[in-house]
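A short worksheet on the structure shown next.
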């Protein structure tokens, strides 16, 4: 049995039948596609049971940087920790990813979810993603367009039937610091350097989000729902300061954390799990939690929000049962 506790930031006591550490593409050639899960840092996953298969732990950590005019082409191994990469790039005068500072997880996991924070999504900077196909044992390269980046989504997330291991991500970044201050908490600030912006983002995240080493969690558990603008207008007629973000085409995004809080679920505790008192989007392991407790609390929150607002919340975490990745509807 392979202990998965160090490889899921919920800190759940779960196991896999086997585990393999991958340091390069050559290692992947030895892996068979049947019953395989690919993990990096385990910061966006929920195991609901012991996994009856093999887990690949991604440790591919090569990094190359090439200057092209005012731009930098950065090729990052998928096993690198994303925040470590951002810190390294800033120290070398390479800018663009500052708003994504302190997001837990690896470079390889970031394109799958198209991770985003404080007005920036990582897909904006990705030019290519290299993958290894475990079924055909070949390497492929996906362009930005082929990645099909969307809100917390990508080709890789939608096509789970393909056993693709992301091995390298190529970014186009800049030698010129041009801060993106769309997010409300940054709009009134002035930043002389990328490091200043990074430090502010880290400060904001630390105020809202718990350290997984202290309270096991997977970051934001739910996506911000996208709804018809008429629904948002109806909410704004009933509540002050509704966090609504226009998406175009008559649609808008509503902050899931606000909905959860207004549904009375902020800071609650059910058994050994609960929602974080500073950010209701986060479900935390309060100590000794079992997987079923997290599932039960998440379903309770979804029901409470739907009963109050008629809005369906979708989990952002990737969920795995004994057989592999599973949709939330099948839990």
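Residue numbers (the working numbering): 91 to 421.
The beta carbon of each residue, even a glycine, is placed where N, CA and C say it ideally should be.
CB contact flag (residue i, residue j, <9 Å)
{"i": "residue 147", "j": "residue 109", "result": "yes"}
{"i": "residue 309", "j": "residue 372", "result": "yes"}
{"i": "residue 154", "j": "residue 173", "result": "no"}
{"i": "residue 343", "j": "residue 406", "result": "no"}
{"i": "residue 164", "j": "residue 410", "result": "no"}
{"i": "residue 222", "j": "residue 257", "result": "yes"}
{"i": "residue 252", "j": "residue 305", "result": "no"}
{"i": "residue 287", "j": "residue 152", "result": "no"}
{"i": "residue 204", "j": "residue 240", "result": "yes"}
{"i": "residue 171", "j": "residue 195", "result": "yes"}
{"i": "residue 452", "j": "residue 93", "result": "Because the chain is modelled from 91 through 421, residue 452 falls outside the range shown and cannot be assessed."}
{"i": "residue 104", "j": "residue 160", "result": "no"}
Simplified DSSP state of residue i, which is helix, strand or coil
{"i": "residue 392", "result": "helix"}
{"i": "residue 175", "result": "helix"}
{"i": "residue 308", "result": "strand"}
{"i": "residue 208", "result": "coil"}
{"i": "residue 255", "result": "strand"}
{"i": "residue 413", "result": "coil"}
{"i": "residue 268", "result": "coil"}
{"i": "residue 150", "result": "coil"}
{"i": "residue 295", "result": "helix"}
{"i": "residue 277", "result": "helix"}
{"i": "residue 96", "result": "helix"}
{"i": "residue 110", "result": "strand"}
{"i": "residue 286", "result": "helix"}
{"i": "residue 399", "result": "helix"}
Terminal residues of the alpha helix (DSSP H) in which residue i lies
{"i": "residue 246", "result": "245-248"}
{"i": "residue 225", "result": "Note, residue 225: premise wrong, no alpha helix (DSSP H); not H, not E."}
Extent of the continuous beta strand (DSSP E) to which residue i belongs
{"i": "residue 202", "result": "Run containing residue 202: none in the beta strand (DSSP E); it sits in the alpha helix (DSSP H), 199-203."}
{"i": "residue 342", "result": "341-344"}
{"i": "residue 376", "result": "Looking at the DSSP string, residue 376 is not in any beta strand (DSSP E), and its letter there is neither H nor E."}
{"i": "residue 123", "result": "Unbroken run through residue 123: none, as it is neither H nor E."}
{"i": "residue 136", "result": "135-137"}
Residue burial classification, residue i (beta-carbon count within 10 angstroms, cutoff 16)
{"i": "residue 261", "result": "buried"}
{"i": "residue 91", "result": "exposed"}
{"i": "residue 62", "result": "Here the chain has residues from 91 to 421 only, and residue 62 is not among them."}
{"i": "residue 184", "result": "buried"}
{"i": "residue 365", "result": "buried"}
{"i": "residue 408", "result": "buried"}
Would you mind listing the alpha helix (DSSP H) stretches within the segment 315-375 that are 4+ residues and don't spill past its ends, in chain order?
319-328, 346-352
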